[in-house]
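See structure below.
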């Protein structure tokens, strides 16, 4: 097989450059193509000069300039097509994210799907295409800046998606994305802008505003962590109060073991408390898709659907005949309240606050509209808020139970307490 010398290859390269081929990639491709064609013709018995002349004629009347023109037109068309696709990805993802956010705020169906698709198009479609154009159009010393910006935006976008959908790992991705943007992209980008800017004070203040915004977002992420910590403390305090009332009531039951009214107090209190506990367990098992045993021991901080609004609303307000319907909560509270009121004498009953602290009457929302007690506390509330409020009602039951036992123990004739009439 014939092989061209270095001198012949240099001659072909110079000829290609002399005929207007300015793009390096096109020059290399044409050089490889011409050399291969000449070597093949030389294998057929032609000398270098004849093979070179015949190969050049294959490019047609326009020669190499025509090849470059056609290549330029093709690349331009492809570039315009990519820009249109990039614009379409950006427009579609923006629309879906905005619409999904509105649907999320209004608790309408389809919000999660629109947010997931919108964030996916943004992170996997729009941002990579923007990075491609930036790397292609920018000098090599700016590529690190664009890559850092891409990584920061991608991680922040995916982290925000995970945050909205309450998926694990959101905090790590958000912090990593903000770190790329805050410590690499924004400082370098605005430093370069500052060097070439005519109005340097405006550029400097713009960069400071951008950094401030990133610091605020970073702080909000950490505030959310502190909110979770506060929620954990609140639920721990609720559990501690429940245990405290239960322990004290247990000791009083021992002292009143021969008093029939004490047994009635225990029965009605435990029945109401357990009914609320069953509703809590059902909410958790349905939302998390776990067993009853797992729901009883699962920490609220580990729940993936703790901020879900739809599941508790559907369970409590969906089926009126269900034992877990919102009416069951009010019914349990009324039974406990009526049962404990019977412990007190008719004279003391109006003076003693033995009723539960839950107000079952009409209430008013933030717009001043009257709503029933159930809607005010439980309709379109997050799962963690619903469970927290039910737990508070359980504490109220234990507190009312303890109060009734204290009154019963204080009576001189504890063995024959006043009847409820």
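In the working numbering, the protein residues as written are 14 to 434. Where a beta carbon is used, it is the ideal one built from N, C-alpha and C, also for glycine.
| Asked | Found |
| --- | --- |
| For residue 255 and residue 411, believed in contact at Cβ under 8 Å, the rounded distance | 6 Å |
| Distance between beta carbons of residue 148 and residue 167, contact taken as under 8 Å | That belief does not hold up - the Cβ atoms of residue 167 and residue 148 are roughly 15 Å apart, past 8 Å. |
| Short Cβ contact (9 Å threshold) for residue 15 with residue 56 | yes |
| Whole-angstrom distance between residue 110 and residue 97, CA atom to CA atom | 20 Å |
| Cα-Cα separation between residue 401 and residue 159, rounded to whole angstroms | 46 Å |
| Endpoints, alpha helix (DSSP H) assigned at residue 158 | 156-178 |
| Span separating the alpha-carbon of residue 293 from that of residue 403 | 7 Å |
| Same chain only: Cβ atoms within 7 Å of residue 390, ignoring 5 sequence neighbours per side | 402 |
| Minimum C-alpha distance to residue 113 - residue among 133, 150, 161 and 324 | 133 |
| Residue burial classification, residue 71 (beta-carbon count within 10 angstroms, cutoff 16) | exposed |
| Range of the contiguous alpha helix (DSSP H) that encloses residue 65 | 61-70 |
| Length of the line joining the Cα atoms of residue 325 and residue 125 | 17 Å |
| Every unbroken alpha helix (DSSP H) inside the region 245-331 [4 residues or more] | 273-301, 305-310 and 323-331 |
| Extent of the continuous alpha helix (DSSP H) run through residue 182 | Premise fails: residue 182 is in no alpha helix (DSSP H) and is neither H nor E. |
| Test item: CB-CB of residue 69 and residue 44 under 9 Å | no |
| Nearest-angstrom Cα separation, counted from residue 285 out to residue 345 | 5 Å |
| Beta-carbon gap between residue 287 and residue 353 smaller than 9 Å | no |
| 8 Å Cβ shell around residue 29 - same chain, five flanking residues per side excluded | 40, 43, 44, 47 and 77 |
| For residue 383, the three-state DSSP class (helix, strand or coil) | strand |
| Straight-line Cα distance separating residue 155 from residue 27 | 32 Å |
| Beta-carbon gap between residue 356 and residue 274 smaller than 9 Å | yes |
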